[in-house]
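One structure below.
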Amino acid sequence: MSDLVLKDVRKAFGKTEVIHGIDLHVTDGEFVVFVGPSGCGKSTLLRMIAGLEEISGGDVVIGDETVNDIAPSDRGIAMVFQSYALYPHKDVYGNMAFALRHAGEDKKLINERVRKAADILGLEHLLKRRPKELSGGQRQRVAIGRAIVRDPEIFLFDEPLSNLDAALRVQMRVELLRLHQRLETTMIYVTHDQVEAMTLADRIVVLRDGRIEQVGTPLELYHHPRNAFVAGFIGSPKMNFLAAERQGATTVTTHGSAQIEVPVEARDGTGPVTLGIRPEHVEMVAPEEGTLSGEVLVAERLGGETYLHVDLGNEEPFVVKADGGVMQKTGERIGLRFPPQALHLFDEDGTAFEHRERHALIA
Amino acid sequence: MTDTPDTSRSRRGRSKSWGTAATVHAVLLGYTIIALFPVIVVILNSFKNRRGIFTEPLALPGPETFSLEGYSTVLSEGSFLLYYGNSLIVTVVSLFLILLLGAMAAHALSEYRFRLNGILSVYMILGIMVPIRLGTVAILQLMVQLDLVNTLVSLIFVYTAQGLPIAVFILTEFMRTLSRDIKDCARVDGLSEYRIFFEVVLPLVRPVLATVAVFSMIPIWNDLWFPLILASSDATKTVTLGVQQFIGQYTVNWSAVLASLSIAILPVLVLYAIFSRQLISGITSGAVKG
Amino acid sequence: MTDATTQMADRRPTRRRRRRAGTAHIVVFLAPALLIYTIFSIYPLVESLRLSLFDGLDDGSAVWTGLGNYARLLFDSNWSVRFWNALWNNLILFFIHMVVQNPLGLLLAALLSLAPRFGGAYRTLIFVPTLLSVVIVGFVWELILSPLWGVAEGMLSAVGLGFLYAPWLGLEDSALTAVSLISVWQYVGIPMMLIYAALLSIPDELLDAARVDGLSGWWIFWKVKLPLILPTLGIVAILTYIGNFTSAFDLIYSIQGVLGPPDYSTDIMGTLMFRTFFGQQTQIGDIYMGATVASMMFFVILVGVTIYLVGVQRRLTRYEM
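Chains as they are written, first to last, in numbering that gives the first Met the number 0: chain G, 0 to 362; chain R, 0 to 289; chain D, 0 to 320.
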């Protein structure tokens, strides 16, 4: 119906190309999150879909129409901005009704749609307020309500939650999910926060330097990152990386000279590789029983869980997520064991070796 | 000016020693008196008769010295109403053009990326550094060619050209700080670039527009140079020029001179009383910090 | 799907599709300001520079003289005496503003930034003279300083200083200083406001930090505030400089007339230009020499601005606050 297709989309400012040919197919009703570090081009890409940024090359197709040259307002999109972008001189109702009024819609229809959106978001009692009389969360709701009123084929969100405090952010995340379930409209959402990406997305698009690093469901990215960048970006605390030498098809030696067998598709050759494992997958054992062992540098106690930063002789400490009740203190030695399934192996360019088996949750 | 720093500083102020506070007030009050004294002396004496003016220049007008003779001379001899009208027309129209055209140009320079943007920004701002008066010779020639000498239009053009650089500079700086999101949002809502300017940007910059207005108004209303050169005919005189020439003719009639000075001062003071908050917060808002 | 959405979906195929905006609007936004500014500000300036390279013949036509006019202005004693005198007087005017107006503005701003009670009222009232026309200011002070009226003399006598009084505006030695001080009186509000604004923009945390570091009032001003507002002081200086070559004319013209009396002791570039251009008494107006004087003012301002941009502004570090 109204799929969004990006075909080799490029963007250049002067001679500098910042988006290097993006291909992507978003199916109708999908919730897709663009995620990446700042400067990766995710917002620019979103603005190109919106029509706010000119496209230097390639095509943006919405439905079955190439919209490269069509004005933003006629692309069937609505956008929610990071700074909310509410018109300060109009009240909540005026803000929500603005686009429809401008399009010359029937007053009754406008009223009906605004009331409905206000009802969905719990804004009925605020319709007469001005933006400056609203809290951050309320402003965010109005900004979303304004998008809903336009009844778009695609919602575009540009870091909509980054101006909210932590508690409100969690709450709005849930509301957005419920909104998506209710409206069943395509949503494209830009964020730098991988937690938002993981929790909201049907599919995540990881971007770096204007290129797609990987597209997949949150769990795909978590369990089968295609390269070291994605592996490091998805997940918190971030994945531990250990430099290693490849001995045989699937065997590696770390600099602590432990031999580790990694269940990945065999490849020929030897040479330097990087071993990756997430803090939550490391098992803590007695020093002598571990594949590797080291001294605890810091124990971050969050109550329910504890992050132990362990010195394995590398530049960066190795992080282990342990139970909140662990007794280990700074200065103590501990042993670490790695369940084979949870190990990741990356070659010199950072490309991942394929796992022999897919994770059970990913069909 | 936000309230926050003020309150915290006044809190500090209370903790200061009494002696320091007294010194601060003494200096400020002293200078305030110096600043206002001449103005007050003139206005007070304009309500006195000739004898009162000379014998007791610093006294309030009393029953014996009170007189409006100065004002009656001024109003019967001078065409001050006409001059006021001229000043008003010139100032209001110039201001309107400075604000509208300046805001439009500032919007273009701050909002859109285009090749000449950098050069044009510098070009527009040149006028701040180079006073327009230096071109007076050529301006007069130009006005002669355009047949605009002794018209208010000539003054309006010159003042608009004079006021645009600083207006464009201040407004561009301010518009750059406006959220890009809100304009983009209007684009997504389907507004044309023109309507975005008039319906979204202008309302957002209204406070700064007011500041620029008050700012640009003062030199226009008070200017002597261009009215003298471009529009010194009786029909096109501005108040400033009118007062200047009136005083020239009536040097011996002191009550008339003082009355005409007061007449020229009062509207400025009234306007200032109304807009001072605006003006001062505008100056201190950082827009002009350069 | 809600009713409203279905309704919308039905309408979609017939929807009018507009193209993305082109660039015509940029031209529309810029053109009017650029035109007026170019025609009435930049063109006359360039034209004045051009005219300064010509001389008028008796039949009214112009003839190219290259730098002839400048040579006359600088070296022909008919002109050069007046020119150097005017330039010198302008520099004195600037000097007096720099040593009186700007330190006074700094002092007032510093006091205001302590947020005394009625600070707002002081600020508002001290700014009043700045708003007045120089015509008014000129005459007000002329009356007050006039020996005929005797207000100034009377006030000095009242505090026992009557012997100090002199008709300052009429004496060759004191006229320029008197005019300069009147100008200082009128315009001190501007440096005061600009510096006050700069002082306000210094974050409170920074001052708290200085206090925690053991600095007290005067030292905080000297060691923390002053270095941070140096860029503003630079701007104030260059504005003062430009102002001296333009607005100072109005004041002198109002108080002293166009000849800069007594004996040209208050003659500045502005009055010289006016006289040269329009003529005065025995002298016939000469647009070419007028343009030459204006161009010289332009170059003098340019030199000042260049010194500021290259020599001063670069060294004044602007701190992020």
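Note that the Cβ used here is the ideal one computed from N, Cα and C, for glycine as well. It should be emphasised that the depicted structure is a prediction, and the values quoted were computed from it without experimental measurement.
- Counting every other CB atom within 10 Å of its CB across the protein chains shown gives residue 222 (chain D) a total below 16, marking it as exposed.
- Around the Cβ of residue 227 (chain R), a 10 Å sphere holds 16 or more other Cβ atoms; the residue is buried.
- Counting other Cβ atoms within 10 Å of its Cβ, residue 177 (chain G) stays below 16 and is therefore classed as exposed.
- For residue 33 (chain G), no chain R residue has a Cβ inside 8 Å of its Cβ, as the nearest lies near 17 Å away.
- Apart from the 5 residues on each side of it in sequence, residue 224 (chain R) sits with its Cβ closer than 8 Å to the Cβ of 132 and 135 in its chain, given in chain order.
- Nearest CB-CB separation between residue 84 (chain R) and chain G: not below the 8 Å threshold.
- For residue 306 (chain G), the enclosing beta strand (DSSP E) starts and ends at 304 to 310.
- The C-beta distance from residue 93 (chain D) to residue 239 (chain D) rounds to 7 Å, short enough to meet the 8 Å contact threshold.
- The C-beta of residue 185 (chain G) has 16 or more other C-beta atoms within 10 Å across all chains shown, which makes the residue buried.
- In summary, the residues of the region 83 to 115 of chain D whose CB is separated from some CB of chain R by less than 9 Å are 103, 106, 107, 110, 111, 112, 113, 114 and 115, in the order they occur in the chain.
- Ranked by how close their Cα comes to the Cα of residue 141 (chain D), the residues R:54, R:40 and R:21 have R:40 in first place.
- Near chain R, meaning a CB-to-CB distance below 7 Å, the residues of the region 101 to 123 of chain G are 101 and 102.
- Here the region 235 to 243 of chain R does not lie against the region 287 to 294 of chain D, with fewer than 3 beta-carbon pairs under 8 Å apart.
- The three-state secondary structure of residue 246 (chain G), taken from DSSP, is coil.
- With a cutoff of 8 Å on beta-carbon distance, residue 308 (chain G) and residue 297 (chain G) are scored as near each other.
- Contact annotation: in the region 66 to 78 of chain G, residues whose CB is within less than 8 Å of a CB in chain R are 70, 71, 72, 73, 76, 77 and 78.
- About 6 Å separates the CB atoms of residue 135 (chain D) and residue 260 (chain R); that is less than 8 Å, so the two are in contact.
- Taking each of G:106, G:149, G:88 and G:197 in turn and checking the Cα distance to residue 128 (chain G), the smallest one comes out for G:88.
- Between residue 156 (chain G) and chain R, the shortest Cβ-Cβ separation is not below 8 Å.
- Per DSSP, the unbroken beta strand (DSSP E) holding residue 188 (chain G) starts and ends at 185 to 190.
- Close to residue 97 (chain G), with beta-carbon spacing below 7 Å, are these residues of chain R in chain order: 188.
- Nearest neighbour of residue 76 (chain G) by Cα position, chosen from G:300, G:338, G:155 and G:58, turns out to be G:155.
- Taking a cut-off of 8 Å for Cβ pairs, the region 93 to 112 of chain D and the region 173 to 180 of chain D touch, as three or more such pairs fall below it.
- Annotation: residue 65 (chain R) is outside any beta strand (DSSP E) and is labelled neither H nor E by DSSP.
- For the pair residue 146 (chain G) and residue 226 (chain G), the CB atoms are not nearer than the 8 Å cut-off.
- Listed along chain R is no residue with a C-beta nearer than 8 Å to that of residue 176 (chain D); the closest approach is about 17 Å.
- For residue 132 (chain R), the C-beta contacts it makes with chain D under 7 Å involve 245, in order along the chain.
- Of the other Cβ atoms in all chains shown, 16 or more fall within 10 Å of the Cβ of residue 41 (chain G); this residue is therefore buried.
- The count of Cβ pairs closer than 8 Å, one atom from the region 30 to 50 of chain D and one from the region 160 to 178 of chain R, reaches three, so the stretches are in contact.
- In chain D, no part has a C-beta under 7 Å from the C-beta of residue 120 (chain R); the shortest such distance is about 11 Å.
- Along the region 204 to 229 of chain R, going in chain order, the ones with a CB nearer than 9 Å to a CB of chain D are 217, 218, 220, 221, 222, 223, 224, 227 and 228.
- Annotation for residue 293 (chain D): 47 and 272 place their beta carbon closer than 6 Å to its own, counting only its chain and skipping 5 residues before and after.
- In terms of beta-carbon proximity, residue 84 (chain G) lines the interface with chain R, with at least one pair separated by less than 8 Å.
- In terms of CA proximity to residue 86 (chain D), D:298 leads the group D:305, D:309 and D:298.
- Nearest to residue 296 (chain D) by C-alpha distance, out of D:132, D:199, D:82 and D:63, is D:82.
- A residue is called buried when at least 16 other Cβ atoms come within 10 angstroms of its Cβ; residue 215 (chain R) meets this threshold and is buried.
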